[in-house]
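Input: a single structure, listed below in structure tokens.
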Amino acid sequence: MDSYKPREIEQKWQRCWEEQMQFRSERDPARPKYYVLEMFPYPSGKLHMGHMRVYSIGDVLARFLRMRGYNVIHPMGWDAFGLPAENAAIENRISPAVWTEKNIAQMKEQQKQLGVSYDWEREVNTSHPDYYRWTQWLFLLMYRRGLAYKKKAPVNWCPSCQTVLANEQVEGGACWRCATPVETRELSQWFLKITDYAERLLKDLSKLTGWPERVKIMQENWIGRSEGSEIQFGIKEFPELELRTFTTRPDTLFGVTYMVLAAEHPLVRRLVAGTEREKEVLEFVERVRRENEIQRTSAETEKLGVFTGRHAINPVNGEAVPILVGNYVVMGYGTGAVMGVPAHDQRDFLFARKYGLPIRVVIQPPGENLSGDTMEEAYTGEGILVNSGSFNGLPNREAMKKITEYLREQGKGDFKVTYRLRDWLISRQRYWGAPIPIIYCDRCGTVPVPEEDLPVELPLEVELSGSRVPGLEHYPSFVETSCPSCGGPARRETDTMDTFICSSWYFLRYTSPGYTQAPFDKKEADYWMPVDQYIGGIEHAVLHLLYARFFTKVLYDAGLVQVEEPFSRLLAQGMVYKDGAKMSKSKGNVVSPDEIIERYGADTGRLFILFASPPEKDLEWSDQGVEGCHRFLRRVWRLVKEGRALADGERDAAVMGKEEKELRRIIHSGIKKVTEDIQERFNFNTAISAIMEMVNAAYNYLHEREKGGHHPAVWREALESIVLLLAPFAPHLAEELWSSLGHRESVFFQPWPEYDPQLLRREEVEIVIQINGKVRGKMTVPVDCSQEELVELARGHQRIGELLQGKEIRRAVAVPGKLVNLVIG
RNA sequence: GCCGGGGUGGCGGAAUUGGCAGACGCAAGGGACUUAAAAUCCCUCGGGCCGUGAGGCCCGUACCGGUUCGAUUCCGGUCCCCGGCACCA
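Numbering (this note's numbering), first residue to last: 179 to 1003.
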């Protein structure tokens, strides 16, 4: 018999699939559609195990759903802009575009070797002008809708990447890409107004029933909604000014004994201008601003404040309290001004003790009498208002409402919802990105590039002699242009867009990748969207997944798409580990998909990666585990190749005996389990183990019937079921075995096998007999025994009878098909 | 600090509705085949105890308690690990 040669058969079937364009997808209103999508990769040039894992998961689903009769779209493309191409450009003296193209070609080849069933006609590349033209078009759409704006603001700057970063790209005060601590710089930059969508992005999370809870919670935390009140204080020394503050505890307003401003607060300079405190305060402000993000946002940093010499007027009691500037108040949240209520906020309490500020109790816990002089920590719980004028005696919950309503009547405040989410900073001071389509004219100001002039193309002749790829400001032919409005001389914006913009809409482009009239053809998008199953790493929980939701909502509002959410179901796959650590070059524990394919074939690699762990959990790589999966595939190969002759025997001569019934029972319950495990639970690991059990059962049958007498039809059903169920996991092997069973057509054109519920039934079942909950015996009984009969049979069981001698049965519980439990005294 | 997720053999993991804990695989040990090796096949495989044996008993799903005829599963509490958020007013 010919032996299993994975490389040969894999190449053979990959060629066949490609020639027949088997995975091509077209609109077909007659069939239910299904959009399977894996997060597209950055073209680094080499697939790693994480890639192999995500593509294996997606491909099982795509192939399974096709066999289930769905019209499946399964596309792939390239998130091709970004910094690594620039670094590689300098290192290898090769232009980012050429480097990227080369990598794409390599990775695409590897994906093909994995046997992933992509519709390559839908491939997209975000760095291609045909694509980024529409990224720019979408930027202009945002601009027209008032969602793109430029402002000077303190922004995160990564000194190593030499560019600004979005908040989402700063992790613990460091750059998400290179881990360098970020600095704060005051720069004029482009932002997208994602905060306008904060409420909807939060609220619609509840619609995403197919998303993992943890991802939704991460987004919820990131958006950070908090309800409170905005309150306007007066300023004693400047009656014409007011000081707005946000608080979640308006019930403590009478307990305010000071006010703290952020160093960046716009009123600070004005408050101290020309006073004796000016120097001290401005020095403090400078010192605070020089600190980096990590120092400034650490809860451990000592809280410092400096008095401005000015006083805020409390709108409810007219009291004047000192205004300080503090290092712990951030300008980006609320109003950049915090009212200090030391009696009822622990941080304020410590601050007040440190600087000798008064502590006034305004909420009394039930049955206690706190005093500001003696309390050892702030009281933050519920209670009754005291020292609060006409609000005395109110429960504090009620007072929150009453006090805010009072302020509203006085024109001094209102209810207010505040979010942690900030606007999305999208400018990048880098070459390899989609240019922001904006022109600056001395006469007309900021002018958007007219749609018909898109794309604003990147200059492709890149200067590679320096230590970094020069930014667009170094290309006079790019910068110098004429104003679309007045025709006069003008300059182009030289910043490019954050690559996360490119990836915020690519799933829409797949629906009509060649479309030239708009980013996508609405009728195609309306047919294919939403993505039914999205698969990718958890690291994008608040980056890509939030941005893509935002873009989709904007497009929905503009009437360009029918869906408000892009991804119905999300699978966040776990990471691949080896020897307890994430695979990395520095740890030397990397196993590359290439070497696995080379040695065992893609089918073995796919099978192992799916078998070793459920997809959402981290996976521990095991060379021996791979070996085991390879053994299994060889076992399947032999089973079918050796057993196929037995499947064509004389049908009528065969007897349907106990062995046949048992084999059919295992085959049909296997079909049930594999189907449900893939479809409902993504438990590919247990689906595979069910197939292994089917294979074991087939070998057992073969041994039992060694002396001839196989039932050809039953045997054929067993072999074909195994091959069909294995097809999504090990597609090449399945094709090969399917054809050797005498079929001309691809296994993927076969309908998914159905199970017969009748065949799952056993005629006899083993029943466990328990006494007081402990297993004391077993018996085999007809499957339809009633509860009463079971109890009687159990009493009659020899060993049980002995144990029951002289004991009284106080209670008997019988579960048909499972057990009998006798409770004795 | 707040919010999630988790803790099961030597290992990866299973137990889907509260019903025999450890499916399936890996590793390990023993055996068959072979001149030998590879490959393949068969057996054992949570711990302890009793028994010559067939077999039997006890313990065991992080820990303590509860509900229940019966708990890996439900409830209360504790410990530990992983992840997210965090001077957020």
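Each residue gets a CB set at the ideal place from its N, CA and C atoms; glycine is no exception. Model, not experiment: these values are computed from the prediction.
Neighbourhood of residue i by C-beta distance below 6 Å, restricted to the same chain and skipping five residues each side
i: residue 914; result: 187
i: residue 847; result: 938
i: residue 300; result: 253, 688, 691
i: residue 209; result: 249
i: residue 838; result: 889, 892
i: residue 371; result: 325, 601
i: residue 667; result: none
i: residue 641; result: 648
Residues sharing a beta bridge with residue i, DSSP
i: residue 680; result: DSSP output for residue 680 lists no bridge partner at all.
i: residue 489; result: 500
i: residue 675; result: 605
i: residue 593; result: 407
i: residue 369; result: 327, 603
i: residue 759; result: 756
i: residue 334; result: 343, 362
i: residue 353; result: 348
i: residue 749; result: 713
i: residue 573; result: 562
i: residue 660; result: 667
i: residue 437; result: 501, 517
i: residue 421; result: 411
i: residue 849; result: Residue 849 is not bridged to any residue.
i: residue 963; result: Its beta-bridge partners do not exist; DSSP assigns none.
i: residue 992; result: 998
i: residue 622; result: Answer is none; residue 622 lacks a bridge partner.
i: residue 955; result: 947
Option nearest residue i by Cα separation, candidates the options
i: residue 213; options: 277, 711, 594; result: 711
i: residue 226; options: 334, 285, 623; result: 285
i: residue 195; options: 530, 295, 818; result: 295
i: residue 140; options: 312, 290, 496; result: Residue coverage of the chain in this structure runs from 179 to 1003, which leaves residue 140 outside it and unanswerable.
i: residue 539; options: 739, 533, 518; result: 518
i: residue 767; options: 953, 780, 800, 979; result: 800
i: residue 223; options: 416, 276, 268; result: 276
i: residue 379; options: 402, 369, 203; result: 402
i: residue 445; options: 493, 884, 515; result: 515
i: residue 513; options: 557, 458, 440; result: 440
i: residue 947; options: 629, 1000, 780; result: 1000
i: residue 897; options: 849, 280, 770, 404; result: 849
i: residue 203; options: 428, 715, 579, 244; result: 244
i: residue 476; options: 506, 449, 251, 319; result: 506
i: residue 992; options: 980, 976, 972, 979; result: 972
i: residue 522; options: 432, 473, 483; result: 432
i: residue 410; options: 668, 542, 451, 591; result: 591
i: residue 1024; options: 956, 978, 860; result: Only positions 179 to 1003 of the chain appear in the structure, and residue 1024 is not among them; the question remains open.
i: residue 557; options: 542, 571, 569, 563; result: 542
i: residue 957; options: 858, 975, 682; result: 975
Sequence-distant residues of the same chain with beta carbon closer than 8 Å to residue i, five excluded per side
i: residue 1002; result: 949, 950, 982, 985, 986, 987, 988
i: residue 389; result: 383, 745, 747, 748
i: residue 810; result: 785, 870, 873
i: residue 969; result: 990, 992, 998, 1000
i: residue 978; result: 947, 949, 954, 955, 972, 1000
Close beta carbons around residue i, own chain, < 7 Å, minus the five adjacent residues each side
i: residue 311; result: 632, 633
i: residue 796; result: 752, 753, 755
i: residue 807; result: 782, 785, 786, 789
i: residue 221; result: 256, 258, 278, 281, 282, 285
i: residue 654; result: none
Rounded Cβ spacing between residue i and residue j (contact assumed at less than 8 Å)
i: residue 485; j: residue 460; result: Not quite, the Cβ-Cβ distance comes to about 13 Å (not below 8 Å), so this is no contact.
i: residue 587; j: residue 575; result: Contact doesn't hold; Cβ gap of about 20 Å is too wide.
i: residue 482; j: residue 504; result: 7 Å
i: residue 698; j: residue 686; result: 5 Å
i: residue 316; j: residue 629; result: About 11 Å separates the two Cβ atoms, so there is no contact after all.
Any non-hydrogen atom of the ligand FAD within 6 Å of residue i CB
i: residue 848; result: This structure does not include the ligand FAD; it has no bound ligands of any sort.
Can you find at least 3 beta carbon pairs, one from the segment 719-738 and one from the segment 767-780, that sit closer than 8 Å? In short, these stretches do not touch, since the Cβ pair count stays below three.
Given 8 Å, three or more beta-carbon pairs between the segment 598-618 and the segment 352-360: The segment 598-618 is not in contact with the segment 352-360.
Stretch pair the segment 527-547 + the segment 410-425: three plus CB contacts closer than 8 Å: No, the segment 527-547 is not in contact with the segment 410-425.
Mind the definition here: the segment 605-618 touches the segment 336-354 only if three or more C-beta pairs lie below 8 Å; say whether that holds. At 8 Å Cβ cutoff, the stretches touch.
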